[in-house]
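Asks: Shown below is the structure under consideration.
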Amino acid sequence: MLMQLMHAKQLAIIVVGLGNIGQTWLRDFAHRLPASAYVHAAANSKRLWLWPLPVNYREQRETDAVDQALMREITTLNERNQPVVVLDLTASKRVSRAYPDWIAAGAHIISANKYAGSSHPDYYQQVRQALSDHQRYWLYNTTVGAGLPIQKAIRERLDCYDQITAMEGNFSGSLSWIFQQYRPGDSLSRWLRKAADLGFTEPDPRTDLSGMDVARKLLILARDAGWALELADVNLQNLVPAALRECSVEQFWQHGELFDNAFDQWRLQAFPDAKQFCYIGSVKQSNSGHIDAEASLVPVSADSPYAHLPPGNANFIIRSQQYQHNPLIIQGPGAGPEVTAAGVHSDILELLKQL
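Take 1 as the starting number for the sequence shown in UniProt numbering and just add one per residue.
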């Protein structure tokens, strides 16, 4: 009862996902929360714990009631008229399907998870409708650019009655880091492994290599710009050879030579003289209103802005009716658990301003 009274007016934070981003936020930012917020609980795929985490939480048994325990905590907090936010720091589609239930139970949501924002239009509208019905907030600024103010720039343009016409960038922080390091003749799988070890890739690196991560980010920004787009509309270049697309993650890592050979064969056929590459995504609206979106690996010249970015940094170009010939350019770190966790914390502070 004493703890309930102490936290009665505070924003209760429930962390879902204890991987790289979740652990980094808990380590670097949880203790820096303002007095108006506190960590209430944390959960991984095995179970939910009330804060603080037990020292041996990684060794504790899995339970079958994580989803129910999470809903119970949200409902209990809401019944006390206490604000609650769920931080979805997973890369799980299954977790993202719970958003309408969380919202209906009383939770705001902050996402680093891209699945809901890039989901089928029917589900996306279901989430938006739930937010409207229950007057809850959903912040997801770390889903694109690891917290760079890309979505903020889009919102500001729209708030000023401007219209977005095109967006372009090296949307994958992991692929950007890899190809800023890679030079023709290198083992691409070696740079991929280094990126994974640094926490730059998704848990399954084929999500990055397939271009699907870029497609999801393009879709999120397109929707923020007010455009109707689906994942199937994005023309993607998949860097994963067909023979390695259906195997397990472990098997994929075991076949680095096959991966390297397939990539080198494509490179020599498509761009034999290229010195440097960048995986670039773009989405634009034609004068007729048609939306074109694509993502592919392209050679970049020495004078390209993509050629001289520091490793792991991103370059985003936003064109609008007011910024058509002199576009908005946003550069900065586009990957990594530290900058993503910082972006999540920024979203928490923004939510506190809205409450």
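All C-beta atoms in this analysis are idealised placements derived from N, C-alpha and C, irrespective of residue type, glycine included. Source: prediction; values computed, not measured.
Grab me the residues of W177's own chain with a C-beta within less than 7 angstroms of its C-beta, minus the 5 sequence neighbours each way, in chain order.
Replies: Cβ neighbours of W177 beyond the five flanking positions: A195, F200, P311, G312 and A335.
Asks: Going by the DSSP bridge assignment, what does K275 pair with across the sheet?
Replies: None, per the DSSP bridge assignment.
Asks: Return the CA-CA distance between V300 and L87, expressed in angstroms with no decimal places.
Replies: For V300 and L87, the distance between alpha carbons rounds to 37 angstroms.
Asks: Okay, do the region 169-184 and the region 244-258 touch, 3+ Cβ pairs below 8 angstroms being the bar?
Replies: Taking 8 angstroms as the limit for Cβ pairs, the verdict is that the region 244-258 does not touch the region 169-184.
Asks: With burial defined as no fewer than 16 other Cβ atoms inside 10 Å of the residue's Cβ, what is the status of Y115: buried or exposed?
Replies: Result: buried.
Asks: Between G17 and N78, what straight-line distance do the alpha-carbon atoms span, to the nearest angstrom?
Replies: Cα-Cα distance, rounded: 22 angstroms.
Asks: Hey, does N238 have any beta-carbon neighbour from chain B nearer than 8 angstroms?
Replies: Among the chains in the structure shown there is no chain B, since it carries only a single protein chain.
Asks: Please classify G334: does DSSP put it in a helix, a strand, or coil?
Replies: In this structure, G334 counts as coil in the three-state DSSP scheme.
Asks: Would you check if the region 36-47 and the region 107-123 touch, i.e. whether three or more CB-CB distances between them fall below 8 angstroms?
Replies: They do not touch, by the three-pair rule.
Asks: Can you tell me whether DSSP reads N78 as helix, strand or coil?
Replies: If DSSP states are grouped into helix, strand and coil, N78 belongs with the helices.
Asks: Just reading off the beta strand (DSSP E) that W49 is part of, what are its end residues?
Replies: Element bounds for W49: L48 to L50.
Asks: Threshold first: 4 residues or longer. Then list the alpha helix (DSSP H) segments lying entirely within the region 128-201, N to C.
Replies: Listed in chain order, they are 150-159, 173-181 and 188-197.
Asks: Tell me which same chain residues have a C-beta within less than 7 angstroms of the C-beta of A146, skipping the five on either side of it?
Replies: G173, P333, G334, A335, G336, V339, T340 and G343, listed in sequence order.
Asks: Looking only at its chain, what residues have a beta carbon closer than 7 angstroms to the beta carbon of S189, apart from the 5 residues adjacent to it on each side?
Replies: G256, F259 and D260.
Asks: Which residue comes first and which comes last in the beta strand (DSSP E) that contains V84?
Replies: Counting along the chain, the beta strand (DSSP E) containing V84 begins and ends at V84 to D88.
Asks: Can the beta-carbon of R245 be found closer than 8 angstroms to that of R206?
Replies: Yes. Within cutoff.
Asks: Considering only the alpha carbon of each residue, which of K275, V283 and T165 lies closest to D303?
Replies: Closest by alpha carbon: K275.
Asks: Taking the beta carbon of L148 as the centre, do at least 16 other beta carbons fall within 10 Å, making it buried, or is it exposed?
Replies: With 16 or more Cβ atoms within 10 Å of its Cβ, L148 is classed as buried.
Asks: Once you ignore the five residues that flank A222 on each side, which residues in its own chain have a CB closer than 6 angstroms to its CB?
Replies: So the qualifying residues of the chain are L229 and V283.
Asks: Following the continuous beta strand (DSSP E) through D260, name the residue where it begins and the one where it ends.
Replies: Counting along the chain, D260 falls outside any beta strand (DSSP E), though it belongs to the alpha helix (DSSP H) covering G256 to A270.
Asks: Run through DSSP, which three-state label would V234 get?
Replies: Residue state, collapsed to three classes: strand.
Asks: Return the Cβ separation of Y124 and I109 in integer angstroms, given the expectation that the two are a contact with Cβ distance under 8 angstroms.
Replies: That belief does not hold up - the Cβ atoms of Y124 and I109 are roughly 13 angstroms apart, past 8 angstroms.
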